[in-house]
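In terms of my numbering, the sequence shown opens at residue 625 and continues consecutively. First up is the structure itself, then whatever we jot down about it.
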Amino acid sequence: MSGRGWRRHFATVIAACAAASWGAFLAAPHWRGEISLLERLEAPLTDLRFLVQGERPAPDIVTIVAIDDNTVRQAGAYPLPRTTLARLVERIAGMGAKAIALDLLLVDPGPEAGDEALASALRAAPVIIAAAGTFTSGLQSLPPDKGSGLRGAPAVDHLLLPQPRFAEAAAVGAVNLATDRAGTPRYLPLVLQAGGGVAVSLPLRVAALAIGRDPALEPDGVVIGGQKIGTDHGYRLPLRFYGSRGAVTTIGAAHLLAGRVHDDALRGRVVLVGATVTGGGDVFPTPFDPILPGVEVLATATAHLLIGDGLLRDWRVRRIDAAVAVSLPVLLVLLLAWHRTAVGFAAIALVVILWVAIATAAFVDGVWLSATLPIVAAVPPAIIFGGARLLADRRRADSLEVESGTLRRFQPPSLAARLARDPAFLKEPVRQQAAVVFVDLSGFTGLSESLGPSDTRTLLKAFHTLVDEEAVRCHGIVAAFMGDGAMILFGLPDPSNEDACHAVRACVGLSAGTAAWLASLPSPISSRLGFKIGAHFGMIVASRLGGGSHEHITAIGDTVNVASRLMEVAADHGVALALSDQLYEAAGAACDVLEAGTLTGTRDVHIRGRAAAMRVWLWSGNAAPHGQTTSAVVTSTRPA
625 MSGRGWRRHF
635 ATVIAACAAA
645 SWGAFLAAPH
655 WRGEISLLER
665 LEAPLTDLRF
675 LVQGERPAPD
685 IVTIVAIDDN
695 TVRQAGAYPL
705 PRTTLARLVE
715 RIAGMGAKAI
725 ALDLLLVDPG
735 PEAGDEALAS
745 ALRAAPVIIA
755 AAGTFTSGLQ
765 SLPPDKGSGL
775 RGAPAVDHLL
785 LPQPRFAEAA
795 AVGAVNLATD
805 RAGTPRYLPL
815 VLQAGGGVAV
825 SLPLRVAALA
835 IGRDPALEPD
845 GVVIGGQKIG
855 TDHGYRLPLR
865 FYGSRGAVTT
875 IGAAHLLAGR
885 VHDDALRGRV
895 VLVGATVTGG
905 GDVFPTPFDP
915 ILPGVEVLAT
925 ATAHLLIGDG
935 LLRDWRVRRI
945 DAAVAVSLPV
955 LLVLLLAWHR
965 TAVGFAAIAL
975 VVILWVAIAT
985 AAFVDGVWLS
995 ATLPIVAAVP
1005 PAIIFGGARL
1015 LADRRRADSL
1025 EVESGTLRRF
1035 QPPSLAARLA
1045 RDPAFLKEPV
1055 RQQAAVVFVD
1065 LSGFTGLSES
1075 LGPSDTRTLL
1085 KAFHTLVDEE
1095 AVRCHGIVAA
1105 FMGDGAMILF
1115 GLPDPSNEDA
1125 CHAVRACVGL
1135 SAGTAAWLAS
1145 LPSPISSRLG
1155 FKIGAHFGMI
1165 VASRLGGGSH
1175 EHITAIGDTV
1185 NVASRLMEVA
1195 ADHGVALALS
1205 DQLYEAAGAA
1215 CDVLEAGTLT
1225 GTRDVHIRGR
1235 AAAMRVWLWS
1245 GNAAPHGQTT
1255 SAVVTSTRPA
């Protein structure tokens, strides 16, 4: 593996460890059940899941007797007179209710007759009456467990208790709710720590009264009537709302007092009495109803305790949240390391959506997994790591573009494009027909001895530029620049029927262009320079040549050698171009371009290194190559 590859993998490992650490940092307070910003972010997602779940039918075991507008209107006062309240308790008990809970704070004394009547009614019925804890800060606190076994149950500064005569007549239960910043009740604390003692919640008291057995607190929940109800930290019972106002069966107190309710309507049921009167103030916003009465929230909690249909969010669920918060960021980092294109980001989006879907499905099934914690744990590392990798990739791409641009200058554009598409191009040699053109400056070696390095380079660069532009214009490639000469191929990267035609046109263009360029040079330089061109058509072997550290694409074979030797023929006969009869025949009508100059041919010429003579055409433009003698004009006809 390359050093760059190791660095990439090492960076991925470091990023994955950092992502896991970030997830653990966020998961630690969540594990402890601490109220944090994440809990605030969780609230709207929880409400959304409630709406996805939809309203559910409330169990028939719990009924609300509402002190509503009609009741207050008939009683003529609010709060209700104690005598009216006493008659209401007696009426509910007489209808066979299993347990009664009064969600009314009876902290102030009333008329003696009314208080005594209510106390008597409470002593004669299975009733739990309300108390309430107060907090100086306005926020419920979860102190650490100091050996009390309460594991951080909310601690209140003061407990508002009913009048002593009422507290002596009936058991007392706290009606405190744990709400979020928006005021939505999320939990019911089952126990409160108050002044060194413990206050049990009203729903837990009334549920135990209905079942006839005292509840037992365990480290992760409460056991009531042989059924274990899981709780969150601090014995907080998560609330799972049934629906909007009236989802729990509700009967108006006025109807009950007037005898307009069937005698069996409350038999065997748990009854909660509370105020729903307009302007009473005891209402809470919930996902289904912006003004759900407090007594209905308590009735919801009571039903959870009686039949176990609430939300499960205990230490086991929080452990799953923490595990996902640590593992999900690592997974996203690895996905980004695997693929940083649209595929990788689509996979990340799919993973996040999948977790939200899992959390929603679990919620509908009664398990409250955190939707916020894993997302908040996963998204920042993914963004930071993804952004860093994209930036690194961008810089690497820019660097590669510079390198590629530089390297492309060492290969003809058509070859560079072919190699980019097909890196294996010409790894194996290929035999094919092609046209080969050589061009060379005459007298340059002697001239370069008198020119400085800078002037020599300037002169060669101008000549090379001319050759390159003419080759590209005629669909050829410069296979090699050889000092003051060049080899041009027509047939690479792909052969064509027009290769010979292109070669002939390139020869004429090179001749005219080089002659014009030489004429533009200062006389002391141009008078010492000339040029010669040789061109041939035939079979070549195209391949890659070179060693393990460097390769170049070129052509070899007799056709290449003959084209090179034809430059000598052109120089010996004082012409610009010597082209083989094979090229002339292959070019066909394209040879018309030679009419711009003087064509002599054909003649048999001995080529150095070859035993047999070959037929060659000689051509010069209208102006003789510098440093050479113009040949006689001969009609371009072939001998019989």
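For glycine and all other residues, C-beta sits at the position ideal for the given N, C-alpha and C.
For the beta strand (DSSP E) that residue i lies in, which residues bound it at each end?
i, result
"A840", "A840 to E842"
"S1244", "A1237 to S1244"
"F790", "No beta strand (DSSP E) contains F790, which is instead part of the alpha helix (DSSP H) from P788 to A793."
"R893", "It is not in any beta strand (DSSP E) - R893 carries neither H nor E in the DSSP assignment."
"G875", "According to the sequence shown, residue 875 is Ile rather than Gly. Segment T874 to G876, the beta strand (DSSP E) holding I875."
"T1224", "T1222 to H1230"
"S1150", "Counting along the chain, S1150 falls outside any beta strand (DSSP E), though it belongs to the alpha helix (DSSP H) covering S1147 to S1150."
"Y811", "P809 to P813"
"G821", "G821 to V824"
"L728", "No beta strand (DSSP E) holds L728; DSSP gives it neither H nor E."
"A1104", "I1101 to M1106"
Is the closest heavy atom of the ligand SAH to the C-beta of residue i under 7 Å?
i, result
"G700", "This structure simply doesn't include the ligand SAH, nor any ligand for that matter."
What does the alpha-carbon distance come out to for the pair residue i and residue j?
i, j, result
"Q1057", "A1187", "14 Å"
"V991", "Q851", "17 Å"
"I638", "L1015", "17 Å"
"T670", "G700", "41 Å"
"A1235", "A1021", "55 Å"
"W979", "A995", "8 Å"
"R942", "L675", "23 Å"
"I753", "V894", "14 Å"
"V751", "T902", "26 Å"
"G1181", "G1158", "15 Å"
"R656", "L662", "13 Å"
"G898", "P735", "21 Å"
"H1176", "A1166", "11 Å"
"G918", "V957", "46 Å"
"A741", "R829", "23 Å"
"G797", "A806", "25 Å"
"R673", "L1043", "56 Å"
"K722", "E666", "38 Å"
"V1217", "D1205", "16 Å"
"D1064", "F1161", "18 Å"
What are the boundary residues of the alpha helix (DSSP H) that residue i is part of?
i, result
"K1085", "P1077 to R1097"
"Y859", "Counting along the chain, Y859 falls outside any alpha helix (DSSP H), and DSSP gives it neither H nor E."
"P681", "Segment: none, P681 is in no alpha helix (DSSP H) and carries neither H nor E."
"M1191", "D1182 to D1196"
"S1120", "Careful: S1120 lies outside any alpha helix (DSSP H) and carries neither H nor E."
"H886", "Careful: H886 lies outside any alpha helix (DSSP H) and carries neither H nor E."
"L956", "W939 to W962"
"G757", "Taken as a continuous stretch (DSSP letters only), G757 belongs to no alpha helix (DSSP H), being part of the beta strand (DSSP E) at V751 to T758."
"H928", "G918 to I931"
Who pairs with residue i in a beta bridge, going by DSSP?
i, result
"R1055", "V1165"
"K1156", "D1064"
"A777", "Its beta-bridge partners do not exist; DSSP assigns none."
"Q600", "Nothing about residue 600 can be read from this structure; the chain reaches only from 625 to 1264."
"D803", "Checking the displayed sequence, the identity of residue 803 turns out to be Thr instead of Asp. According to DSSP, T803 bridges with P809."
"F969", "None; F969 has no bridge partner."
Counting only the same chain and skipping the five closest in sequence on each side, list residues whose C-beta sits under 8 Å from that of residue i.
i, result
"A642", "P1005"
"T803", "P809, R810 and F908"
"A840", "V846, V847 and I848"
"I1164", "R1055, Q1056, Q1057, A1058, V1060, L1113, G1115, A1179, I1180, G1181, T1183 and V1184"
Ordered along the chain, which non-local residues of its own chain (more than five positions away) have a Cβ less than 7 Å from that of residue i?
i, result
"D684", "T873"
"V1229", "V1193, A1237, M1238 and V1240"
Short of 6 Å in beta carbon distance, which residues of its chain neighbour residue i, apart from the five on each side in sequence? Order them along the chain.
i, result
"A1214", "C1125 and V1128"
"L930", "I685 and A831"
"R937", "D856, P862 and W992"
"F987", "R673"
"L959", "G968, A971 and I972"
Contact criterion: CB-CB distance below 8 Å. Does residue i meet it with respect to chain B?
i, result
"E1122", "In summary, chain B is missing from the structure at hand, where a single protein chain is found."
Exercise for the section: Report yes or no: do the segment 873-890 and the segment 969-977 share at least 3 C-beta pairs separated by less than 8 Å? Expected result: no
Handout entry: Three CB pairs or more closer than 8 Å across the segment 1204-1222 and the segment 1124-1135
Key = yes
Handout entry: Inter-stretch contact at 8 Å, needing at least 3 Cβ pairs: the segment 1000-1008 / the segment 947-961
Key = yes
Problem - Contact between the segment 1050-1067 and the segment 1095-1113 (3+ Cβ pairs under 8 Å) - result: yes
Handout entry: Touching by the beta-carbon criterion (3+ pairs, under 8 Å), the segment 820-837 and the segment 901-908
Key = no
Practice task
Tell me, please, whether the segment 690-705 touches the segment 926-944 by the rule of three or more beta-carbon pairs shorter than 8 Å.
Solution key: no
Exercise for the section: Mind the definition here: the segment 920-931 touches the segment 860-879 only if three or more C-beta pairs lie below 8 Å; say whether that holds. Expected result: yes
Problem - contact_flag[the segment 1133-1149, the segment 1092-1106] where n(CB pairs < 8 Å) is 3 or more - result: yes
Handout entry: Three or more C-beta pairs below 8 Å linking the segment 1187-1196 and the segment 1068-1081
Key = no
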